[in-house]
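These protein sequence lines map, in sequence, to chains W and Z.
Taking this note's numbering, the leading residue of the first sequence gets 130, the next gets one more, and so forth.
Taking this note's numbering, the leading residue of the second sequence gets 833, the next gets one more, and so forth.
All C-beta atoms, glycine included, are put in the ideal place defined by N, C-alpha and C.
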Amino acid sequence: DQQVKQNSPSLSVQEGRISILNCDYTNSMFDYFLWYKKYPAEGPTFLISISSIKDKNEDGRFTVFLNKSAKHLSLHIVPSQPGDSAVYFCAARSGSRLTFGEGTQLTVNP
Amino acid sequence: NAGVTQTPKFRVLKTGQSMTLLCAQDMNHEYMYWYRQDPGMGLRLIHYSVGEGTTAKGEVPDGYNVSRLKKQNFLLGLESAAPSQTSVYFCASSWAQDDALSPLHFGNGTRLTVT
């Protein structure tokens, strides 16, 4: 039972445009959400997070939106840069347990 | 400051062989974790440790053992490798178990193939 799903395995956008990566979850007990970015041959690195008591968190070009009623999380990257090309994992916490999505490969074309 | 270092980077095993993956962190973190990443499955927690001398089972612990004899090291063992254990293994550490306080720091992974 995949409680955290990233339904788009891949996404391709033009440099300078907006990238929107989506994540859906089923467990209403999740109270904290994170995004990790992973380059090839490297481990994931923390990008941005949001608490369930908020609906938006910004950090520079990265904004995470949380829609609790829809159980939906999204990551917006504006403007997208070629260096943003990576696999993005969303993750959700319930208690001490962290559940990851399958990942979305983002490709930003120059 | 190396962060989290995993050895080896690659390994090929035959079914039934054993091996140990080593994870070392130099950030004085209390918490350490072993994950596996498989296509279409995301990252799944195998075992974790909340401090030196402690270990606990994660989501997919069967077929693996771990040890945390020193705070900076977390070892993952496969006693009798199976093809289903072909995966990329990531070690991670954090100074708190609360992700809001301390996101995970990952190593660069070990790609293991079991034939």
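Pick from Z:LEU936, Z:GLY909 and Z:ALA834: whose alpha carbon is nearest that of GLN857 (chain Z)? Position 25 of the second sequence, counted from the start, is the residue given in the question as residue 857 (chain Z). The residue with the shortest Cα to Cα distance from GLN857 (chain Z) is Z:ALA834.
8 angstroms Cβ cutoff, GLY189 (chain W) in contact with chain Z: Walking along the first sequence from the start, residue 189 (chain W) turns up at place 60. By this cut-off, GLY189 (chain W) is not an interface position.
Within-8 angstroms CB hit, PRO840 (chain Z) to chain W: What you label residue 840 (chain Z) is simply residue 8 of the second sequence in a count that begins at 1. PRO840 (chain Z) does not count as touching chain W.
Determine the extent of the beta strand (DSSP E) in which PHE162 (chain W) is found, giving its start and end residues. Here residue 162 (chain W) corresponds to residue number 33 of the first sequence, with the count starting at 1. Start and end: 161-167.
Could you check whether the Cβ of GLN929 (chain Z) sits closer than 8 angstroms to any Cβ belonging to chain W? Taking the second sequence and counting its residues from 1, one reaches residue 929 (chain Z) at position 97. Cβ-Cβ to chain W under 8 angstroms: yes for GLN929 (chain Z).
Take LYS185 (chain W) and list the residues in its own chain whose beta-carbon comes closer than 6 angstroms to its own, dropping the five residues that flank it on each side. In the first sequence, residue 185 (chain W) corresponds to position 56, counting from 1. Excluding residues within five positions, the ones whose Cβ falls inside 6 angstroms are PHE194.
Mind listing the chain W neighbours of MET873 (chain Z)? Cutoff is C-beta to C-beta under 7 angstroms, in chain order. Taking the first residue of the second sequence as 1, we reach residue 873 (chain Z) at position 41. By Cβ distance, chain W contributes GLU231.
With C-beta atoms as the reference, is ALA914 (chain Z) less than 8 angstroms away from THR847 (chain Z)? To locate residue 914 (chain Z), count along the second sequence from 1; it is residue 82. To locate residue 847 (chain Z), count along the second sequence from 1; it is residue 15. A contact, by the Cβ cut-off of 8 angstroms.
In this structure, does DSSP put GLY212 (chain W) in helix, strand or coil? Position 83 of the first sequence, counted from the start, is the residue given in the question as residue 212 (chain W). DSSP places GLY212 (chain W) in helix when its eight states are reduced to three.
DSSP bridge partner residues for ALA888 (chain Z) (one or two, in chain order): Within the second sequence, the letter at position 56 stands for residue 888 (chain Z). Partner(s): Z:TYR880.
Which bits of chain W does ASN940 (chain Z) rub up against, with CB to CB less than 9 angstroms? The residue you call residue 940 (chain Z) lines up with position 108 of the second sequence. Those within 9 angstroms of ASN940 (chain Z) in chain W are ALA170, GLU171 and GLY172.
In chain Z, what lies closer than 7 angstroms to PHE218 (chain W) by C-beta? One-based indexing of the first sequence puts residue 218 (chain W) at position 89. Neighbours of PHE218 (chain W) on chain Z, chain order: GLY874 and LEU875.
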